[in-house]
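A.B. asks:
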Amino acid sequence: MSIGKNIKSIVEEIPYKIKDINLADQGRKAIEMAEKEMPGLMAVREKHGKEKPLAGYKITGSLHMTVETAVLIETLKELGADIRWASCNIFSTQDYAAAAVASTGTPVFAWKEETLEEYWWCTLLALTFPGGRGPDLIVDDGGDATLLVHMGYELEEVYSKTGQIPDIETDVEEERVIETLLRDVLAKDAMHWHKVAEKLIGVSEETTTGVHRLMQREEEGTLLFAAFNVNDSVTKSKFDNIYGNRESLADGIKRATDVMIAGKVVVICGYGDVGKGCATSMRGYGARVVTTEVDPINALQAVMEGYEVTTLEKALPEGHIFVTATGNRDVITLDHMRKMKDQAIVCNIGHFDHEIQVAQLNAAPDIKKENIKPQVDRYTFPDDHQIYLLAEGRLVNLGCATGHPSFVMSASFTNQILAQLYLAKEKPKIGVYRLPKDLDEEVARLHLEKLGVILTELTDSQADYLNIPKEGPFKSDHYRY
Ligand SMILES: NC(=O)c1ccc[n+]([C@@H]2O[C@H](COP(=O)([O-])OP(=O)(O)OC[C@H]3O[C@@H](n4cnc5c(N)ncnc54)[C@H](O)[C@@H]3O)[C@@H](O)[C@H]2O)c1
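Residue numbers for the sequence shown follow my numbering, beginning at 4 and rising by one.
1. Quick check on the DSSP output: the alpha helix (DSSP H) that includes Tyr122 runs from which residue to which?
2. Taking 8 Å as the cut-off, is the beta-carbon of Cys350 closer than that to any non-hydrogen atom of ligand 1?
3. Which residues in the same chain as Ala259 place their Cβ atom closer than 6 Å to its Cβ, once the five residues preceding and following it in sequence are excluded?
4. For Thr107, count neighbouring C-beta atoms within 10 Å of its own C-beta (all shown protein chains included) and say buried if the count is 16 or more, exposed if not.
5. Give the DSSP bridge partners of Ala230, in chain order.
6. Using the three-state DSSP reduction, which class does Ala89 fall into: helix, strand or coil?
7. Does the contact criterion of 3 or more C-beta pairs under 8 Å hold for the region 244 to 251 versus the region 172 to 190?
8. Under the criterion of a Cβ to heavy atom distance below 8 Å, does Asn244 qualify as lining ligand 1?
9. Within the present structure, is the beta-carbon of Asn301 separated from the nearest heavy atom of ligand 1 by less than 8 Å?
10. Taking Ile335 and Ile359 to be in contact with their CB atoms under 8 Å, please state how far apart those CB atoms are, rounded to whole angstroms.
11. Excluding five sequence neighbours on each side, which residues of the same chain lie with their C-beta closer than 7 Å to the C-beta of Glu38?
12. Under 6 Å Cβ to Cβ from Ser415, same chain only, skipping five residues before and after it: list those, please.
13. Could you say which of Gly213, Phe325 and Leu189 lies nearest to Glu316 if we only look at CA atoms?
14. Answer yes or no: the CB of Thr260 versus the heavy atoms of ligand 1, is any distance below 8 Å?
15. List the residues that DSSP assigns as beta-bridge partners of Tyr391.
16. Going by DSSP, name the residue or residues bridged to Phe112.
17. So, with DSSP's three-state summary, where would you put Cys403?
18. Heavy atom of ligand 1 less than 8 Å from the Cβ of Thr212, yes or no?
19. To which residues of the same chain is Gln97 closer than 8 Å at the C-beta, ignoring the five residues directly before and after it?
20. Is Gly406 a contact residue of ligand 1, with contact defined as CB to any heavy atom under 8 Å?
21. Beta carbon of Ala328: closer than 8 Å to some heavy atom of ligand 1?
22. At a threshold of 8 Å, does Val361 count as lining ligand 1 (C-beta to nearest heavy atom)?
23. Between Ser251 and ligand 1, is there a pair consisting of the residue's CB and a ligand heavy atom that are separated by less than 8 Å?
24. Work out the CA separation of Ala362 and Lys55 for me, nearest whole Å.
25. In terms of alpha-carbon separation, which member of Asp333, Tyr288, Gly287 and Cys272 lies closest to Ala318?
26. Give me whichever residues DSSP pairs with Ile245 in a beta bridge.
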């Protein structure tokens with residue numbers, strides 16, 4: 004996709020790009036339902052709506068454009084922010100949610116089933132405000148908006164030092180798409196990303212994989228602005244990653260295949276937070292769950308929960324359903340898929356699609372691919388065994404279903420808002436930050452009433468005995484929950 008004559012023209016010509024604005028009414032009804040299930044975000048609106056602490060701040064979002072995200076966007080707007088938004092996955096947009104948000108005048112660039120070119124073009128448009136300037140703050144999920152700024156900046160550095168635009172060397176399709184887009188921007192303004200980075204106060208990052216990317220940059224000394232690790236708030240990773248996936252994994256597999264899970268052998272690769280939620284879910288349906296792990300602590304946790312822990316190679320002959328949840332790459336290889344049972348279902352719930360060797364699977368000349376329906380493909384191998392790949396190896400819960408339920412996303416997104424408020428107010432120096440314990444506890448507190456929970460209060464003597472304030476924080480920072 005073209006980015007126009009110059010950086011300015013990117014935004015002047017296109018108010019939004021979504022599938023169909025006529026879906027807005029339908030989207031609005033779903034958003035209204037979600038609001039009732041998102042008490043944290045509604046409480047933030049009530050608390051900060053009047054004072055508008057984000058007034059004057061331009062925020063770019065790169066996060067699944069779902070109904071729940073619409074509630075997040077509208078909360079940020081109510082706090083005064085000027086928003087532009089893209090999804091962080093080519094399959095995760097709920098078109099009616101995008102339409103409802105776009106119809107209120109918020110520039111949204113997202114639709115279900117984008118190509119990679121369209122996806123990165125959308126990310127660029129979300130990062131480009133009128134006049135060609137960048138955002139003050141980013142809400143990121145997986146780090147793609149942050150990546151584009153950093154890669155653009157690094158390309159400009161090379162160009163300004165050498166006067167040369169380096170050739171694109173990678174064979175990875177998505178990397179080629181990004182590199183091509185950045186060269187297009189460079190041709191229009193050779194200092195665009197330097198100007199963007201200079202203005203950026205910081206990013207708040209939603210997920211484990213995005214946080215890994217940020218920590219890596221911090222370690223290398225290449226991080227260009229402050230970053231807020233939302234994932235490691237207890238009220239995010241110990242809820243969204245566990246209980247969110249506990250519901251949305253099954254939703255994705257069921258909508259895609261209608262398969263009976265009871266009695267099947269489900270192999271979960273990775274027994275971290277997401278893996279734990281997936282394993283409990285599948286066991287709840289009556290599956291026999293096998294897990295794989297590299298970390299002895301997680302492996303011990305899995306076996307103490309009663310799951311078999313073995314290697315993927317050993318699990319291949321018996322597995323009916325395979326789920327990757329590692330945040331790592333090449334966990335299910337082409338060779339593994341060649342050895343799977345006939346009719347095995349393969350999917351990924353980790354952030355990126357390279358947990359499964361999908362590119363290698365698609366490129367193999369001896370394997371036939373047939374599309375069964377959107378986001379469900381059948382592959383036939385030379386020995387006639389067939390496997391089903393869901394959502395082309397991308398997040399199955401967002402590609403084949405609609406992601407986590409609203410209630411758990413309320414906890415995650417309340418953390419996102421608190422992170423944005425912190426960044427806007429404190430303008431911290433470059434580094435990776437986390438929410439303080441008292442605010443983490445506050446996020447949980449905001450979600451208790453809706454569920455009818457009645458908390459016990461410490462007596463004065465109990466608080467003295469434990470040597471903690473009566474109103475919290477109740478735990479030390481190293482407590483693991
Ligand atoms: N789909 C969703 O809605 C959703 C929600 C939250 C997080 N995520 C993503 O899910 C992924 C996992 O997140 P998490 O919070 O559980 O991370 P985590 O670090 O808690 O867990 C990942 C686990 O995988 C294990 N692992 C790594 N390489 C492995 C390998 N080769 N074989 C077996 N195990 C291996 C690690 O030891 C770790 O225990 C990340 O990419 C994260 O961004 C997705």
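In this text, a Cβ means the ideal position worked out from N, Cα and C, and glycines have one as well.
C.D. replies: Reading it off the structure:
1. Leu119 to Ala129
2. no
3. Val379, Leu393 and Cys403
4. exposed
5. Val206 and Val435
6. strand
7. no
8. yes
9. yes
10. 4 Å
11. Met45 and Val74
12. Sequence-distant Cβ neighbours of Ser415 in its own chain, meaning closer than 6 Å and more than five residues away, are Lys239 and Asp243.
13. Phe325
14. no
15. Ile348 and Arg381
16. Lys20 and Ala89
17. coil
18. yes
19. Gly30, Ala33, Met68, Thr69, Val70, Lys115 and Thr405
20. yes
21. yes
22. no
23. yes
24. 46 Å
25. If we check each option's Cα against that of Ala318, Cys272 comes out closest.
26. Paired residue(s): none; Ile245 is not in a bridge.
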